[in-house]
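Quick note: the sequence shown uses our numbering, first residue 1, plus one each step.
Accompanying notes for the structure given below.
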Amino acid sequence: MDIDSRNKILTIVLGIVILGLSYWLYDSLVTPYKEVKEREAMTEKVRQRLLDAKDALIQYQTRKNTFPPTEGGLDSLVNFLKTDSLMIAMGDSLFGTTFDVFNPDSLVYSPRPPYPRFEYTLNDTLRPQIYLLEDPGSDDSIGSLERTTMRNAPNWN
């Protein structure tokens, strides 16, 4: 094998190695960035769903002068959204940012897989009543069980 043939083979092999390493470098930069963006988008969806559930709780409290009880509270909220004439008529416009078509049943579930149900607790020993609405898959929550100043306030602001 003469020197020209060897240089051509070496050039082709090094070119393939350079292309492979270039792809590996590109992928090692882009893949984590995409994962972070997907995680941020999912966090935003969860937070928006929590805010929509908070708005539904406020509507419930406005119409019934109390928040739903701790036991079966989210079921009471869903039942209210399904049976109240104003919520039936205005559900799409009130909660349109989270849903393409408003579905009261899914309002109390996190959009993050494995789709856990939000956790709701009412503290009715204080006046005004306060509640805590939490996403079990993250540290995001709305309200507080001790501080009335945190009523209806998200913890991520």
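For glycine and all other residues, C-beta sits at the position ideal for the given N, C-alpha and C.
Source: prediction; values computed, not measured.
Quick test of the definition: if touching needs 3 or more C-beta pairs under 8 angstroms, does the stretch 26-33 touch the stretch 113-125?
no
From this set, Val17, Leu107, Thr62 and Ser93, which residue's C-alpha is nearest Asn79's C-alpha?
Here residue 79 is taken as the residue at index 79 of the sequence shown, counted from 1. If we check each option's Cα against that of Asn79, Leu107 comes out closest.
How close, in whole Å, do the beta carbons of Val46 and Asp140 come, if the pair is a contact with beta carbons under 8 angstroms?
By 1-based counting over the sequence shown, the position of residue 46 is 46. By 1-based counting over the sequence shown, the position of residue 140 is 140. Indeed, because the Cβ distance is near 6 angstroms, the residues count as touching under 8 angstroms.
Of all the alpha helix (DSSP H) runs that stay within the bounds of the stretch 70-105, which reach a length of 4 or more residues?
73-83 and 85-94
How should Ala89 be labelled, buried or exposed, when 16 other C-beta atoms within 10 angstroms of its C-beta is the threshold for buried?
Position 89 of the sequence shown holds residue 89. Exposed is the call here.
Own chain residues within Cβ distance below 7 angstroms of Arg151, not counting five before or after
Counting from 1 along the sequence shown, the entry for residue 151 is found at position 151. Contacts found: Pro128, Ile130 and Gly143.
State the Cα-Cα distance for the pair Asp4 and Leu29, rounded to the nearest angstrom.
The residue you call residue 4 lines up with position 4 of the sequence shown. The residue you call residue 29 lines up with position 29 of the sequence shown. One C-alpha to the other measures close to 37 angstroms.
Start-to-end residues for the alpha helix (DSSP H) that takes in Gly20
Within the sequence shown, numbered from 1, the residue matching residue 20 stands at position 20. Residues Ile3 to Lys64.
How many whole angstroms separate the CB atoms of Leu50 and Phe118, which I take to be in contact at a CB cut-off of 8 angstroms?
If you number the sequence shown from 1, residue 50 lands on position 50. If you number the sequence shown from 1, residue 118 lands on position 118. Correct: roughly 7 angstroms between the Cβ atoms.
With DSSP as the reference, label Leu145 as helix, strand or coil.
For the purposes of this step, residue 145 is taken as residue 145 along the sequence shown, with counting starting at 1. Leu145: coil per DSSP, three-state reduction.
Closest by C-alpha distance to Asp75, when choosing among Gly91, Leu57 and Ser85:
In the sequence shown, the residue the question calls residue 75 occupies position 75. Of the listed residues, the one whose Cα sits closest to Asp75 is Leu57.
Between which two residues does the beta strand (DSSP E) holding Thr121 run?
Translated into the one-based positions of the sequence shown, residue 121 becomes position 121. Glu119 to Asn123 is the extent of the beta strand (DSSP E) around Thr121.
Is the Cβ-Cβ distance between Leu86 and Tyr60 less than 8 angstroms?
Locating residue 86 in the sequence shown gives position 86, where the first residue counts as 1. Locating residue 60 in the sequence shown gives position 60, where the first residue counts as 1. Contact: no.
Under 8 angstroms by Cβ, that's how I've got Tyr120 and Leu133 pegged, so tell me the actual separation to the nearest angstrom.
Along the sequence shown, one-based indexing puts residue 120 at 120. Along the sequence shown, one-based indexing puts residue 133 at 133. Contact flag correct, Cβ pair sits at about 5 angstroms.
Suppose the cutoff is 6 angstroms on Cβ atoms and the five residues either side in sequence are ignored; what does the same chain contact list for Tyr109 look like?
What you label residue 109 is simply residue 109 of the sequence shown in a count that begins at 1. So the list reads Tyr115 and Arg117, once near-sequence residues are dropped.
Return yes when the Cβ of Met42 is within less than 8 angstroms of the Cβ of Arg147, no when it is not.
Numbered from its first residue, the sequence shown carries residue 147 at position 147. Numbered from its first residue, the sequence shown carries residue 42 at position 42. The answer is no: Cβ separation not under 8 angstroms.
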